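Numbering (the numbering used here), first residue to last: -2 to 179. The next block holds one structure in the form of structure tokens; read it before the comments.
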């Protein structure tokens, strides 16, 4: 695998991690992805909540309908144990989680948190660029590549980096915009 392919794979991983991290931040709207990290004890095995229940967003609340009604209590305990800052309401057939509207201070605080996560992702992408350029320089030195070929390869890495940084910026901007909507 050449340096550009390695760098691209690493940068793609950074974007996926950024999206996963941002999906865990509550925006005041119900988002089924908030429950992604929740594991439910089901017949002695920890399984993702998505495998034992249908999760749907209804207005400012999530509705969790277990496929097996006997799993309802286990799902409720798993959500409470996950410390998501929410309290599920059990009506005997399904669970509901209500999300209150966020205050302006909380929106600003989360906006700063999103910006920091975005900056961490930018730094990581730049680190991937640095690693790729170092690898190119080492390859060029070992293979006695012409300077213009080396510069062309470095330019390709820089274009790739710019594209991924722009993608990070777009994702962060969308999340901040989502947070600012009431």
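All residues carry an ideal CB built from backbone N, CA and C; glycine is no exception. None of these values were measured; they are calculated from a predicted model.
Which listed residue (the options) has its alpha carbon closest to that of residue i
i: residue 182; options: 48, 116, 1, 152; result: This structure leaves residue 182 out entirely; the chain is present only between -2 and 179.
i: residue 87; options: 30, 100, 71, 149; result: 71
i: residue 47; options: 62, 41, 40; result: 62
i: residue 82; options: 107, 94, 89; result: 94
i: residue 89; options: 138, 7, 60; result: 60
i: residue 8; options: 105, 92, 159; result: 159
i: residue 68; options: 57, 51, 58; result: 51
i: residue 57; options: 27, 37, 75; result: 27
i: residue 33; options: 131, 75, 66, 64; result: 75
i: residue 55; options: 43, 73, 42, 92; result: 92
i: residue 192; options: 132, 138, 31; result: Outside the displayed span of the chain (-2 to 179) sits residue 192, for which this structure offers no information.
i: residue 73; options: 44, 163, 37; result: 37
Contacting residues, own chain, Cβ-Cβ under 6 Å from residue i (five flanking each side not counted)
i: residue 79; result: 35
i: residue 19; result: 172
Close-in-space but distant-in-sequence residues of the same chain around residue i (CB under 8 Å, 5 per side omitted)
i: residue 11; result: 118, 121, 122, 125, 161, 165
i: residue 112; result: 169, 173
i: residue 136; result: 0, 142
Exposure of residue i, with buried meaning 16 or more beta-carbon neighbours within 10 Å
i: residue 177; result: exposed
i: residue 17; result: exposed
i: residue 39; result: buried
i: residue 98; result: exposed
i: residue 4; result: buried
i: residue 85; result: buried
i: residue 64; result: exposed
Neighbourhood of residue i by C-beta distance below 7 Å, restricted to the same chain and skipping five residues each side
i: residue 107; result: 22, 176
i: residue 114; result: 15, 18, 19
Does the contact criterion of 3 or more C-beta pairs under 8 Å hold for the segment 132 to 147 versus the segment 21 to 30?
Cβ pair count under 8 Å is below three, so no.
Would the segment 151 to 161 and the segment 124 to 139 be scored as touching if the rule is three or more Cβ pairs under 8 Å?
-> Taking a contact to require three or more Cβ pairs closer than 8 Å, the segment 151 to 161 and the segment 124 to 139 qualify as touching.
Requested in this report: Go through the segment 18 to 106 residue by residue and report every complete run of the alpha helix (DSSP H) that reaches 4 residues or more, in order.
Outcome: Correct list: 69 to 78.
- Task: Could you pull out every unbroken alpha helix (DSSP H) segment of at least 4 residues lying fully inside the segment 100 to 178, listed in chain order?
- Result: Listed in chain order, they are 101 to 140, 144 to 177.
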